[in-house]
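In this note's numbering, the protein residues as written are 369 to 663. Glycine residues also receive a C-beta, built at the ideal position from the N, C-alpha and C atoms. The structure appears below as structure tokens.
This is how it looks when you write it as structure tokens:
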């Protein structure tokens with residue numbers, strides 16, 4: 369069924385790009401990115417527990433402090449959360465707190481986020497420009513491109529459950545509406561938008577492969593783009609720990625069994641979402657390459 373859909377999609381894409389003179393790769397990648405974000409947010413909304421308890425809220429605690437009813441929480445050390453999620457993990461700290469630089473955490477987050485997003489955005493844009501300027505050549509078989517795209521998708525799914533859980537509860541760590549909004553925006557961009565963009569650009573980039581070794585080597589490259597914020601924030605976090613301005617903390621997020629169950633089914637056990645995404649990206653990207661070769 370997916371192969372039939374993929375062939376029909378590729379044919380339709382060729383007709384579209386034959387009829388319209390547009391920046392084909394930018395247009396196609398933007399549409400795919402919006403669609404992928406819509407899929408992720410739909411899973412997020414569908415997976416939310418229908419019954420919530422207002423008394424169960426996310427919070428921080430010193431590493432040595434015991435927590436009542438620990439079975440109700442997903443608990444992680446702040447440093448481990450930073451390694452897992454990057455800059456969204458910083459959003460659980462009080463934004464009014466002062467770090468080792470003498471600046472408030474909210475200012476530090478804005479500066480770190482700007483640095484990370486400039487590096488990530490520039491990397492993805494230059495790779496997308498590289499696709500446009502690559503030497504036109506017949507693309508690899510669509511099934512092989514789909515397989516490599518699937519591997520690229522798997523590389524970005526490991527942090528998605530924790531990212532979506534934090535996105536739901538990050539506002540509970542703050543009291544001011546401005547701080548809540550800043551935390552949600554940072555979590556959304558770093559936890560959803562950037563990984564989705566890396567998946568989409570990676571899917572198009574794989575169509576430029578000239579042999580199987582090149583194809584599968586390229587499939588593992590894009591994970592580093594999502595990790596740029598982790599590297600930047602890790603440096604800042606460790607300097608704060610050395611300076612003693614931020615004590616070791618444990619982060620407690622209310623468990624969400626419905627979300628975990630849905631993510632486990634559609635992403636891992638019965639991976640309909642990754643399979644659908646990889647065939648769509650493979651179909652559109654190879655159709656674009658075939659169109660360029662014929663042109």
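- The residue from 513, 560, 533 with its alpha-carbon nearest to that of residue 647 is 513.
- Spanning the alpha carbons of residue 584 and residue 461 requires a straight line of approximately 39 Å.
- Between the region 611–629 and the region 410–417, the count of Cβ pairs shorter than 8 Å is three or higher; the stretches touch.
- Contact between the region 560–573 and the region 390–401 is present: 3 or more CB-CB pairs across the two stretches fall below 8 Å.
- The C-beta distance from residue 657 to residue 507 rounds to 4 Å, short enough to fall under 8 Å.
- For residue 605, the enclosing alpha helix (DSSP H) begins and ends at 596–611.
- Non-local beta-carbon contacts of residue 424 in its own chain, meaning distances under 7 Å to residues more than five positions away in sequence, involve 440, 622 in chain order.
- Its Cα nearest to that of residue 594, the residue 522 stands out among 617, 619, 522.
- In this structure, the alpha-carbon of residue 596 lies about 32 Å from that of residue 660.
- Taken in chain order, the unbroken stretches of beta strand (DSSP E) that lie wholly in the region 413–450 and span 3 residues or more are 427–430, 441–445.
- The three-state reading of DSSP puts residue 461 in coil, since its state is none of H, G, I, E or B.
- Per DSSP, reduced to three states, the secondary structure at residue 648 is helical.
- Here residue 635 is not near residue 487, since their CB atoms are 8 Å or more apart.
- Looking at 604, 590, 662, the one whose alpha-carbon comes closest to that of residue 450 is 604.
- Per DSSP, residue 616 is not a residue of any beta strand (DSSP E), being assigned neither H nor E.
- The residues 472, 473, 474, in chain order, have a CB closer than 8 Å to that of residue 464 in the same chain once the five nearest residues on each side in sequence are set aside.
- Residue environment for residue 608: buried (at least 16 other C-beta atoms within 10 angstroms of its C-beta).
- Its chain contains 564, 565, 568 as the residues whose beta carbon lies nearer than 7 Å to that of residue 401, once the 5 sequence neighbours on both sides are disregarded; these appear in chain order.
- By the Cβ-count criterion, residue 511 is exposed, with fewer than 16 other Cβ atoms from all chains shown falling within 10 Å of its own Cβ.
- Going by beta carbons, residue 554 and residue 456 fall inside the 8 Å limit.
- Between the C-alpha atoms of residue 517 and residue 578 there is a straight-line separation of about 15 Å.
- Taking 8 Å as the cut-off, the beta carbon of residue 412 is found closer than this to the beta carbon of residue 532.
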